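>
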Amino acid sequence: MTYNYYGTSGNDQYVYPGKDHFYAEGKEGHDYLAGNYWNDTVYGGKGNDTVYGGKGNDNLYGEDDYDYIDGGYGNDKVYGGEGNDTVDGGYGNDYAYGDYGNDYVYGDYGNDYVYGGYGNDTVDGGYGNDYVYGDDGYDAVYGGFGNDYVYGGEGNDTLTGFGGYDYGSYDYGNYYEIDYLEGGKGGDTFVLGDKWTSYYEDPGIYGAYSYAVIKDYDAYEGDKIQLYGEKSYYSVGTGYYSGNNGKLDTAIYYQGDLIGIVESVSNLSLNSFSYVS
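Going by the working numbering, the first residue of the sequence shown is number 28, and it counts up by one from there.
1. Thr-185 and Val-218 - do their beta-carbons sit closer together than 8 Å?
2. From Gly-143, Asn-174 and Tyr-127, pick the residue whose C-alpha is nearest to that of Gly-180; which is it?
3. Which two residues bound the contiguous beta strand (DSSP E) that contains Leu-254?
4. Quick check on Asn-63: buried or exposed, where buried means 16 or more other Cβ atoms within 10 Å of its Cβ?
5. Would you mind reading off the limits of the beta strand (DSSP E) that contains Val-178?
6. For Asn-31, report the span of its beta strand (DSSP E) as first-last.
7. Going by alpha carbons, who is nearest to Gly-81 out of Tyr-59, Asp-92 and Gly-37?
8. Please report the distance separating the alpha-carbon of Gln-253 from that of Leu-297.
9. Exposed or buried, what is Asp-162 when buried is set at 16 or more other beta-carbons lying within 10 Å of its beta-carbon?
10. For Val-42, which residues from the same chain have a beta carbon less than 7 Å from its beta carbon, with the 5 sequence-adjacent residues on both sides left out?
11. DSSP three-state call for Asn-86: helix, strand or coil?
12. Can you give me the Cβ contacts of Asn-129 inside the same chain, cut-off strictly under 8 Å, excluding the 5 residues immediately before and after it?
13. Quick one: is Tyr-169 buried, meaning 16 or more other Cβ sit within 10 Å of its Cβ, or exposed?
14. If the criterion is Cβ atoms closer than 8 Å, does the pair Glu-204 and Lys-242 meet it?
15. For the structure I just gave you, are there three or more beta carbon pairs, one from the segment 115 to 126 and one from the segment 94 to 107, closer than 8 Å?
16. Nearest-angstrom Cα distance between Asn-11 and Tyr-100?
17. Could you tell me the alpha carbon to alpha carbon distance between Lys-263 and Gly-72, rounded to whole angstroms?
18. Round the Cβ separation of Tyr-95 and Thr-77 to the nearest angstrom and send it over; I've been treating them as touching at under 8 Å.
19. Ignore the nearest five residues each way along the sequence and tell me which others in Asn-138's own chain have a CB closer than 8 Å to its CB.
20. Would you tell me roughly how many angstroms separate the C-alpha atoms of Asn-84 and Thr-265, rounded to the nearest one?
21. Determine the direct distance from the alpha carbon of Val-177 to that of Tyr-131, and round the result to whole angstroms.
22. Counting C-beta neighbours from all protein chains within 10 Å, is the total for Ser-225 16 or more, i.e. buried, or is it exposed?
23. Could you tell me the boundaries of the beta strand (DSSP E) in which Lys-104 lies?
24. In the DSSP assignment, find the beta strand (DSSP E) that holds Gln-40 and state where it starts and stops.
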């Protein structure tokens with residue numbers, strides 16, 4: 028059974044109290060529409076809308092203007108539409124898509140597919156093993172916690188795979204994280220450290236449990252690799268680390284600990300990187 032709700036040209040607010048499938052169209056106005064237990068389909072329509080899925084595997088569409096869309100619980104498909112939207116997949120293995128506009132798209136918990144779409148977006152996989160895509164525009168793309176694939180798309184993007192930062196103690200707690208970073212077209216920045224510390228450290232051991240694989244570094248396109256601190260902290264080596272068609276790769280070590288592999292590039296030195304502190 029499906030319960031249908033159709034909004035007005037005004038600012039509508041409706042929270043479905045039942046447990047059936049909920050179908051809603053907000054139409055015009057700044058609307059608040061929320062599903063509940065079942066698999067819901069909700070369209071925000073025109074206006075700055077808030078759309079919440081609740082429990083269940085939902086299909087949620089912000090459509091026009093500046094919307095906030097939250098999938099809630101379940102494996103949801105969440106679309107921002109036109110405008111500068113905030114899109115949150117919620118709990119579950121979600122598909123979150125910003126579409127047009129300068130959006131903030133967050134996978135949240137679960138193994139998600141997260142896309143920025145058209146515009147200068149901030150895209151974050153959140154917790155889980157995610158596929159995170161900036162798409163078109165100058166995007167900031169974050170893998171978050173877990174083993175992620177991070178792709179910038181067209182434009183000059185900043186890619187950060189690592190998500191194990193503990194803001195309270197500066198301790199990296201997610202010690203077994205392997206991320207894949209691919210910038211796509213444009214001059215991209217691959218972030219392996221910030222001004223506080225290096226990413227992908229394996230505490231107490233010198234191993235290869237956590238690192239990033241940079242798949243398409245191209246200095247001629249203007250790509251950069253950002254590291255924490257100064258050159259004296261690092262060393263590089265060459266070898267067949269990624270098994271990529273027999274081409275030599277460059278390994279980046281922070282105080283003897285592997286933190287990055289630059290695939291199919293063997294002519295890098297410590298002078299090739301950008302350092303921040």
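Quick reminder that beta carbons are idealized off the backbone N, C-alpha and C, glycines included.
Given the structure is predicted, the values throughout are model-derived calculations rather than measurements.
Short version:
1. yes
2. Gly-143
3. 251 to 255
4. Buried, by the Cβ-count rule.
5. It should be noted that the sequence gives Tyr, not Val, for residue 178. Following the DSSP letters along the chain, one finds Tyr-178 inside the beta strand (DSSP E) bounded by residues 176 to 178.
6. 29 to 33
7. Ranking Tyr-59, Asp-92 and Gly-37 by CA distance to the CA of Gly-81 puts Tyr-59 first.
8. 11 Å
9. With 16 or more other Cβ atoms from the protein chains shown falling within 10 Å of its own Cβ, Asp-162 counts as buried.
10. Apart from the 5 residues on each side of it in sequence, Val-42 sits with its Cβ closer than 7 Å to the Cβ of Ala-61 in its chain, given in chain order.
11. strand
12. Asn-111, Gly-146, Asn-147, Asp-148 and Gly-164
13. Buried, by the Cβ-count rule.
14. no
15. yes
16. With the chain running from 28 to 304 in the structure shown, residue 11 is simply not present.
17. Note on identity: in this sequence residue 263 is Val, with Lys being the wrong assignment. Their Cα atoms are separated by approximately 53 Å.
18. 5 Å
19. Counting only Cβ-Cβ distances below 8 Å, and skipping sequence neighbours, we find Asn-120, Gly-155, Asn-156, Asp-157 and Gly-173.
20. 47 Å
21. 16 Å
22. buried
23. 104 to 106
24. 40 to 42 is the extent of the beta strand (DSSP E) around Gln-40.
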